[in-house]
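Reviewing the structure listed below.
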Amino acid sequence: MADKDKPGAMSRSGYYDRSLQVAIYPHLKKALRCADASLPKIAVDAGCGVGRDVLFLVESGYRVHAFDANAEAIARLKDSAGDLVSTMLFPRVCSFENFEYPRSSLISACSSLFFCHPDAFPTAWEKMSQSLMKDGLFCGHFMGPNDSWASMGRGDLTVHSRNELEGLFAGNFDVLDVHEHDAEGRTLLGRTKRWHTYSVLARKSD
Ligand SMILES: C[S@@+](CC[C@H](N)C(=O)[O-])C[C@H]1O[C@@H](n2cnc3c(N)ncnc32)[C@H](O)[C@@H]1O
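Position 17 of the sequence shown, counting from 1, maps to 1078 under my numbering, and the rest follow consecutively.
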């Protein structure tokens, strides 16, 4: 596979330009509609890219802690956010497993968390789920086994079967909605691939 085709190699101005034209993540919009109004409006955007959803969250009144492993993405987010940085928006270059997650009422991980290396995923998930307040919301995508990137056996993506996914949320979340997408499609850069993803919206129950 050529480097330019690897999902982790979105370096990536073209990819990020297009990501700004994509609609706000639907489960994030739904999360805001079912958020508990008594909780503080503190959100984390994990693997935020250049921040399409971050700016939506700030406009919706959230203080947003946004991180991404890609320094170019965070630099672009800081440029576009201007004076919001350090008042309503706290951007960082960081990985899922190393980020110091603040106590928050909302964590969003749109099309990002499956890029976490499988060895690092348990730590990342533990930190994310522990940092979420009771009644706080998680929304994010997971990758299923039929995805063409998963079936290549690359080994650097985290893949979940439906049962494994249910196990992640069992015990301390109430799953509010799961949207499974399993179909041929295209990447934002126009390459054909099979997508198999689960988008999950869940409420922390303890
Ligand atoms: C498909 S993009 C999605 C970006 C954004 N959430 C959006 O919806 O536009 C995936 C993002 O995950 C980031 N990423 C990949 N591996 C990461 C890791 N280990 N830790 C943090 N971010 C990572 C990439 O740099 C990229 O910006």
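Glycine included, C-beta positions come from ideal geometry on N, C-alpha and C.
Should residue i be labelled buried (16 or more other beta-carbon atoms within 10 Å of its own) or exposed?
i	result
serine 1080	buried
cysteine 1109	buried
threonine 1148	exposed
methionine 1213	exposed
threonine 1184	exposed
histidine 1035	Because the chain spans 1062 through 1267 in this model, residue 1035 falls outside it and cannot be assessed.
glycine 1197	buried
glycine 1112	buried
alanine 1096	buried
asparagine 1131	buried
tyrosine 1152	The sequence given here places proline at residue 1152; tyrosine does not occur at that position. With 16 or more Cβ atoms within 10 Å of its Cβ, proline 1152 is classed as buried.
alanine 1098	exposed
arginine 1247	exposed
aspartate 1078	exposed
Less than 7 Å separating the beta-carbons of residue i and residue j?
i	j	result
methionine 1204	arginine 1164	no
phenylalanine 1175	threonine 1219	yes
cysteine 1200	leucine 1118	no
isoleucine 1085	serine 1166	no
alanine 1092	leucine 1262	yes
histidine 1202	threonine 1253	no
serine 1192	tyrosine 1162	yes
serine 1209	arginine 1264	no
valine 1115	isoleucine 1168	no
serine 1170	alanine 1107	For clarity, residue 1170 is alanine in the given sequence; the question names serine instead. In contact: alanine 1170 and alanine 1107 (Cβ atoms closer than 7 Å).
aspartate 1235	serine 1266	yes
cysteine 1155	phenylalanine 1128	yes
Which runs of the beta strand (DSSP E) spanning at least 3 residues fall entirely within the region 1135 to 1171, listed in chain order?
Scanning the region 1135 to 1171 from its first residue to its last, the whole beta strand (DSSP E) runs of 3-plus residues come out as 1150 to 1154 and 1165 to 1170.
Between the region 1174 to 1191 and the region 1135 to 1152, can you find at least three pairs of beta-carbon atoms closer than 8 Å?
no
Start-end ranges of the beta strand (DSSP E) lying completely within the region 1160 to 1227, minimum 3 residues
Segments of the beta strand (DSSP E) lying fully in the region 1160 to 1227: 1165 to 1170 and 1193 to 1204.
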